[in-house]
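Accompanying notes for the structure given below.
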Amino acid sequence: MTITDHRPEIIELTDEQQRREWQAFTLSDLPEMISAMHVCHAVRAIADTPLLERLRSGPRNPADGLLAGIDPDMGPGFLRYLVNRGILETRGEEYFLTRLGEFLTTDVSLARLGVYVDAYGMVTSRTGDLLTGKAVYGKDVVRDGGKLGAHCDTLFSAFHTPTLLTAMRGRNVQRILDIGCGGGQLVVDACLRDPSLTGIGLDIDADAVAVANEHARTSGVADRVQFVVGDAFAPKTWPKECFEADGLCMMSALHEHFRHGEQAVIDLLNEIGATFPDLKILLIGEPEIRYDSRENDDDFFLIHVLTGQGLPRDRAAWFDVFAKSDLTCRRMYTRPEAGPRLCFYDLAGKDQP
Numbered sequence: 001m002t003i004t005d006h007r008p009e010i011i012e013l014t015d016e017q018q019r020r021e022w023q024a025f026t027l028s029d030l031p032e033m034i035s036a037m038h039v040c041h042a043v044r045a046i047a048d049t050p051l052l053e054r055l056r057s058g059p060r061n062p063a064d065g066l067l068a069g070i071d072p073d074m075g076p077g078f079l080r081y082l083v084n085r086g087i088l089e090t091r092g093e094e095y096f097l098t099r100l101g102e103f104l105t106t107d108v109s110l111a112r113l114g115v116y117v118d119a120y121g122m123v124t125s126r127t128g129d130l131l132t133g134k135a136v137y138g139k140d141v142v143r144d145g146g147k148l149g150a151h152c153d154t155l156f157s158a159f160h161t162p163t164l165l166t167a168m169r170g171r172n173v174q175r176i177l178d179i180g181c182g183g184g185q186l187v188v189d190a191c192l193r194d195p196s197l198t199g200i201g202l203d204i205d206a207d208a209v210a211v212a213n214e215h216a217r218t219s220g221v222a223d224r225v226q227f228v229v230g231d232a233f234a235p236k237t238w239p240k241e242c243f244e245a246d247g248l249c250m251m252s253a254l255h256e257h258f259r260h261g262e263q264a265v266i267d268l269l270n271e272i273g274a275t276f277p278d279l280k281i282l283l284i285g286e287p288e289i290r291y292d293s294r295e296n297d298d299d300f301f302l303i304h305v306l307t308g309q310g311l312p313r314d315r316a317a318w319f320d321v322f323a324k325s326d327l328t329c330r331r332m333y334t335r336p337e338a339g340p341r342l343c344f345y346d347l348a349g350k351d352q353p
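Residue 307 in the UniProt record's numbering is what sits at position 307 of the sequence shown, and the numbering runs on without skipping anything.
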């Protein structure tokens, strides 16, 4: 017998306890959850490196530069992992996004993923410390506001700018003020889509305002749009430019004021109404939590719990708040099958039609 003919004896060792432990794990859905977690990070890595653009338009062959700038030891294995997960497929020596890969890497998909992985990942990864008080949100742990703003801009542009324009046009608004504008995407996008519109953005973050003004310049609307620094929750302190607006909007911000109590929200609405007596519209865009597991609603709820933000409310609760204020809610707009779930409330003084 030659050495090549030798085959070692293979012995499988199993017992009841072992089988029960492994069945408990496999039936718990944890294998799929672990895979999903890693796929999330892998998809972000595709987008955060040159790989996504190359997979879309080339080069797609490692020999031609697909992995240029990627660690030469990790790159090939990472591609193989993506093939195993069904995100990539090979055609000869080239790599292509599968249909699944294309769906995972749309602008909207990457933005939705980015909200939870990029912006809030460092928060949810320390859930235990936050629950036990070993870490305090705002001191030891903070969300990434810059990335949150960028991803929300993408989602608003895709889903909600048309709603804002519909509401503003319906009230014949000429100049809008976006309260808490962040990087300014909403105002810039609205003015690009409606050449008759001008806009102002207000944000407390000077760096965000600088980014917004540069965005207006590069988008070609700097002659119609400007951004200024100010506290969204202190209307009487706003720069004088803000008072030129005849239509105001506040997107996904007012609910955070509930941390100071419901009356604080009512007082703010009343102050805005008194400061802008001829206001045509105050459009409040607010996410609506429904406490279910559809469309990541429960994930959205969790990040608000962990960060101590005022919890978004459903429409019925908002109607009660508006009824206690000096403003009237004239109309509500909804946009099904868009994320996040938002309701847009058209408010004005009680003497406005």
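All C-beta atoms in this analysis are idealised placements derived from N, C-alpha and C, irrespective of residue type, glycine included.
Environment of residue i [buried if 16+ CB atoms lie within 10 Å]
i      : result
Arg54  : buried
His160 : buried
Pro336 : exposed
His41  : exposed
Glu9   : exposed
Gly339 : buried
His260 : exposed
Ile204 : exposed
Arg143 : buried
Met74  : exposed
Ala234 : exposed
Trp22  : exposed
Where residue i sits in the DSSP three-state scheme
i      : result
Leu88  : strand
Gln263 : helix
Ala245 : coil
Phe233 : coil
Ile176 : strand
Arg99  : helix
Gly349 : strand
Thr328 : strand
Thr105 : coil
Thr14  : coil
Whether residue i touches residue j by CB criterion (9 Å)
i      : j      : result
Arg158 : Asp194 : One detail in the question is off: residue 158 reads as Ala in this sequence, not Arg. Their beta carbons are not under 9 Å apart, which means Ala158 does not touch Asp194 by this criterion.
Gln226 : Gly199 : yes
Cys329 : Leu347 : yes
Leu248 : Asp178 : yes
Val321 : Glu262 : yes
Arg175 : Glu244 : yes
Leu164 : Ala135 : no
Limits of the unbroken beta strand (DSSP E) element including residue i
i      : result
Ile66  : The sequence shown places Leu at residue 66, not Ile. Run containing Leu66: none; DSSP gives neither H nor E here.
Glu286 : 281 to 287
Thr198 : 198 to 203
Residue i: first and last residue of the uninterrupted alpha helix (DSSP H) it sits in
i      : result
Phe159 : Here Phe159 belongs to no alpha helix (DSSP H), and DSSP marks it neither H nor E.
Met37  : 30 to 48
Gly128 : 127 to 132
Ala119 : Looking at the DSSP string, Ala119 is not in any alpha helix (DSSP H), and its letter there is neither H nor E.
Ile303 : 297 to 307
Asp153 : 145 to 155
Report yes or no: do the segment 273 to 288 and the segment 308 to 317 share at least 3 C-beta pairs separated by less than 8 Å?
Touching, yes, given that three or more Cβ pairs across the two stretches are closer than 8 Å.
Do three or more CB pairs link the segment 118 to 127 to the segment 82 to 90 at distances below 8 Å?
Segment contact: the segment 118 to 127 against the segment 82 to 90, fewer than three CB-CB distances shorter than 8 Å; contact not assigned.
Between the segment 89 to 96 and the segment 48 to 64, do three or more beta carbon pairs fall short of 8 Å?
A contact between stretches requires three or more CB pairs, one per stretch, nearer than 8 Å, and the segment 89 to 96 meets this requirement with the segment 48 to 64.
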